[in-house]
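Undergrad:
2 protein chains.
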Amino acid sequence: MPTPLVTIAVDAMGGDHAPKAEVDGALRAVRHMPVEVILVGREDVLREELAAHPGWERLPIKIHHASEVVTMDDSAAKSLRSKKDSSIRVACRLMHDGAARGVVSAGNTGAVMATSKTINGMVKGVDRPALASVFPTIKGKPAVMLDVGANVDVEPDMLSQFAMMGELYSRLIFHTENPRVGLLSIGEEEHKGNELTKKATPLLKLLPINFIGNVEGRDLYTGHADVIVCDGFIGNVALKVSEGLVEVVRHLLSDSLKASVSGKIGYLLSRSAFAEFKKRVDYSEYGGAPLLGVKGCTIICHGRSNANAIKNAIRVAAEFAQSNLNERLEKGLTQGRAHTA
Amino acid sequence: MPTPLVTIAVDAMGGDHAPKAEVDGALRAVRHMPVEVILVGREDVLREELAAHPGWERLPIKIHHASEVVTMDDSAAKSLRSKKDSSIRVACRLMHDGAARGVVSAGNTGAVMATSKTINGMVKGVDRPALASVFPTIKGKPAVMLDVGANVDVEPDMLSQFAMMGELYSRLIFHTENPRVGLLSIGEEEHKGNELTKKATPLLKLLPINFIGNVEGRDLYTGHADVIVCDGFIGNVALKVSEGLVEVVRHLLSDSLKASVSGKIGYLLSRSAFAEFKKRVDYSEYGGAPLLGVKGCTIICHGRSNANAIKNAIRVAAEFAQSNLNERLEKGLTQGRAHTA
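Protein sequence lines, in the order shown, are assigned to chains A and B.
Just so you know, we're using the numbering used here here: the first sequence kicks off at 1223 and counts up by one.
Just so you know, we're using the numbering used here here: the second sequence kicks off at 1223 and counts up by one.
What follows is the structure, encoded as structure tokens:
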């Protein structure tokens, strides 16, 4: 008996390369995984894009029309208020109504978060959703950092909930046994931090998780922690510092490689080394950022996502949807225990 | 007529590689710049270290005895209270008394900040000192970020003072014309930020500086801003994320290079490329972090500073001491104008 397909709604109009990246990513996903994809967006545009892939009608892909598109310039509030037929809203609605089990969008992050929260509601026991970022570490295992942008001003008990959500995500999606959860601060010692981290520490110690205390910025990529908890302002800055720095290093190092061996060979070598390197740090391999604490399963991708990133986000959405993460989270938060597996 | 020498007191016992890095750095400095160095620390230890450099007595180097050493484990408060004859305290005292115009230390950052502030006092008009970090950008010109660790919980008007200090530092030390000053936040639009940045923005707009609004984490290394203002918690995290990531990239990319060409050649190439690359991003080229807002001129170096870093810190201390930065800052803050040059 074939595995039943998990249905994921993809906001096909959201990203910088929409709808091509979304359509290509969906095709790759349905060809390689037990998923069905509903592409949500303007039907004429999507049909035209799909026409470049003869035979797509025989794949588990559907189109669901949505007449409007939220742009990167729209505010989250405005898009919610005035674009009732936007692709992201319709995709969330499909999930809410049970026609899809997950949503993937590379659209305006603020709008996706607000829309998903409004349409789907919060998991019981969670006060505020958190956007989690997943990234590679030296040890090979991905780390989860949250929040990276859903909440800019947070209270200590929100950090405590973020810790529970991140721990479950690492446990269920990356199959980490007893994930090590760290609090992002400015020194390993407990007394080093700001008002927020100092108030959060005793709360984190009370949780039924493997809390390892403060971690520093340099620990993000070392694999020292599986889950890193912080407020959304600092998480967002940390993430963007990383993105920017990788670009800069690439730029400078490529120059250096070219300088250190003769011109053309240096160029070719640097290209080949970077192709290899990029595979290892490419965010698109990690399948986007889950919006934790909201009902259903919403995966937010980088605006500049390519087809590979969309494909992986669909994979993660399917895994997330099948993990019963929300049920476990609710149980953990209402019973004071997160890992009841 | 020879240029008169600028005297800098170097805490010779502070860093991880003390006193060797400090002594070697001092020797390099006095050989290449119009400076005199007072090495502060245990006289017997310093004489022994200097003995490896015959003829040092003919150079403008002196020893000033201090019997105690603040370790990395000492708290700032404890070191101030109980180590009255520590090398850092004696160095600050020499500056306070006019025997030196600047202090360089690679010791315990918290202790150096607290000691310098206590012994030397604050520049009139400044409420809190800020530790500034200087780092390379793609455009070649270094950028200044502050605060990176002196203050973990700050008020909006403190960010405003940090902006004035950073602007003057960029102007006077890096000779930047009309430095572009950005506020570190999570989006370029003014409404994107946390409570602190939103309250600080109108204050920053009132300053007589070239305030360019919000900058994001990814702008740190692009050279988009000459000065980046933030609270010390986020600045510290951003800095340490960068340090950690450079290490990780080095590690991963070295693997990739080795994989992309045959073993030994790949290894040699990656070594040579990194040697070249390191020169461009090496923090030791940028001469440490100035503690702004405190009277005199205190340059704090990384604990693992090598001789080159100490030499460059001595250079920066001499430039800072001759820049009249503090006088201008006081004038700017008390008159509401920073760039009265």
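For each residue, glycine too, the CB sits at the ideal point set by N, CA and C.
DSSP three-state call for His1286(B): helix, strand or coil?
TA: strand
Undergrad: Would you please verify whether the beta carbon of Lys1300(B) is less than 7 Å from any beta carbon of chain A?
TA: no
Undergrad: Three or more beta-carbon pairs under 8 Å between the region 1403-1412 of chain A and the region 1443-1458 of chain A, yes or no?
TA: yes
Undergrad: Which of the residues in the region 1457-1469 of chain A, read from start to end, lie with their CB under 8 Å from any CB of chain B?
TA: Cβ contacts with chain B come from Asn1458, Val1459, Ala1460, Leu1461, Lys1462, Val1463, Ser1464, Glu1465, Gly1466, Leu1467, Val1468 and Glu1469.
Undergrad: Take Leu1302(B) and list the residues in its own chain whose beta-carbon comes closer than 8 Å to its own, dropping the five residues that flank it on each side.
TA: Excluding residues within five positions, the ones whose Cβ falls inside 8 Å are Arg1311, Ala1333, Ala1336, Thr1337 and Thr1340.
Undergrad: Does the distance from the C-beta atom of Asn1342(A) to that of Gly1518(A) stay below 7 Å?
TA: yes
Undergrad: Kindly give me the distance between the Cβ atoms of Cys1523(B) and Ser1327(B), rounded to whole angstroms, as I take these residues to be in contact under 8 Å.
TA: 7 Å
Undergrad: How many Å lie between Val1232(B) and Ser1304(B) at the Cα?
TA: 21 Å
Undergrad: Is it a yes or a no for the region 1244-1256 of chain A touching the region 1531-1545 of chain A, going by three-plus beta-carbon pairs under 8 Å?
TA: yes
Undergrad: Is the CB of Leu1442(B) under 7 Å away from at least one CB in chain A?
TA: yes
Undergrad: Given that Val1374(A) touches chain B, what residues does it touch there, using C-beta distances under 8 Å?
TA: Within 8 Å of the CB of Val1374(A), the CB atoms of chain B belong to Ile1408, Gly1415, Asn1416 and Glu1417, in sequence order along the chain.
Undergrad: Cβ atoms of Leu1268(B) and Ala1234(B): under 7 Å apart, would you say?
TA: yes
Undergrad: Using a threshold of 7 Å, state whether the C-beta atoms of Gly1466(B) and Val1348(B) are closer than that.
TA: no
Undergrad: Going by beta carbon distance, what residues of the same chain come within less than 7 Å of Arg1559(A), once the five residues before and after it are set aside?
TA: Below a pLDDT of 50, predicted positions are generally treated as unreliable, and Arg1559(A), at 45, falls in that range; no measurement from the model is reported.
Undergrad: Does any residue of chain B bring its CB to less than 7 Å from the CB of Arg1559(A)?
TA: Residue placement at Arg1559(A) cannot be trusted, given a pLDDT of 45 that sits under 50; what the coordinates show is reported in the next sentence. No - not a single Cβ of chain B is within 7 Å of the one on Arg1559(A).
Undergrad: Are any of the Cβ atoms in chain A nearer than 7 Å to that of Gly1439(B)?
TA: yes
Undergrad: May I ask you to list the residues that DSSP assigns as paired with Asp1233(B)?
TA: Val1262(B)
Undergrad: I'd like to check one pair, Val1370(B) with Gly1445(B): are the Cβ atoms closer than 7 Å?
TA: With respect to the 7 Å criterion, Gly1445(B) and Val1370(B) are not classified as neighbours on the basis of their beta carbons.
Undergrad: Would you mind listing the alpha helix (DSSP H) stretches within the region 1353-1382 of chain B that are 4+ residues and don't spill past its ends, in chain order?
TA: none
Undergrad: Could you give the uninterrupted runs of the alpha helix (DSSP H) lying entirely in the region 1424-1487 of chain B, keeping only those of 4 residues or more?
TA: 1454-1482
Undergrad: Would you mind sorting Glu1290(A) into buried or exposed? The rule is 16 or more other CB atoms within 10 Å of its CB.
TA: buried
Undergrad: Could you tell me which uninterrupted beta strand (DSSP E) segments, each at least 3 residues in length, are contained entirely in the region 1293-1364 of chain A, listed from first to last along the chain?
TA: Fully enclosed beta strand (DSSP E) runs of 3 or longer: 1324-1327 and 1352-1357.
Undergrad: Please report whether the beta-carbon of Phe1455(A) lies at a distance below 7 Å from any beta-carbon of chain B.
TA: yes
Undergrad: Whose C-alpha, out of His1318(A), Ala1422(A) and Leu1461(A), is nearest the C-alpha of Leu1381(A)?
TA: Comparing Cα positions, the closest option is Ala1422(A).
Undergrad: Please confirm if His1524(B) has its CB atom under 7 Å from at least one CB of chain A.
TA: No, because no Cβ of chain A sits closer than 7 Å to the Cβ of His1524(B).
Undergrad: Using a Cβ cut-off of 7 Å, which residues of the region 1332-1361 of chain B contact any Cβ in chain A, in chain order?
TA: Taking 7 Å as the Cβ-Cβ cut-off against chain A, the residues of the region 1332-1361 of chain B that qualify are Ile1360.
Undergrad: Tell me which residue opens and which closes the beta strand (DSSP E) that Arg1402(B) is part of.
TA: Arg1402 to Leu1406
Undergrad: Cβ atoms of Ile1230(B) and Ala1539(B): under 7 Å apart, would you say?
TA: yes
Undergrad: Residues in its own chain within less than 7 Å of Thr1359(A) by CB, not counting five upstream and five downstream?
TA: Ala1365, Tyr1443, Thr1444 and Gly1445
Undergrad: Classify Asn1528(A): buried if its beta carbon has 16 or more other beta carbons within 10 angstroms, exposed otherwise.
TA: buried
Undergrad: Whole-angstrom Cβ separation of Ala1352(A) and Met1386(A), contact assumed at under 8 Å?
TA: Going by Cβ atoms, the distance from Ala1352(A) to Met1386(A) rounds to 10 Å, so no, they are not a contact pair.
Undergrad: Distance check for Thr1398(B) and Asn1432(B), CA to CA, integer angstroms please.
TA: C-alpha separation (whole angstroms): 12 Å.
Undergrad: Using alpha carbons as the reference points, say which of Asp1477(A), Glu1279(A) and Gly1439(A) lies closest to Val1463(B).
TA: By alpha-carbon distance to Val1463(B), the top candidate from Asp1477(A), Glu1279(A) and Gly1439(A) is Gly1439(A).
Undergrad: What do you get for Thr1225(B), buried or exposed, if any count of 16 or more other CB atoms within 10 angstroms of its CB means buried?
TA: Per the 10 Å Cβ criterion, exposed.
Undergrad: Of all Cβ atoms in chain B, is any one closer than 7 Å to the Cβ of His1287(A)?
TA: no
Undergrad: Can you say whether Asp1295(B) is buried or exposed, counting buried as having 16 or more other CB atoms within 10 angstroms of its CB?
TA: Classification of Asp1295(B): exposed, given that the 10 Å Cβ count is below 16.
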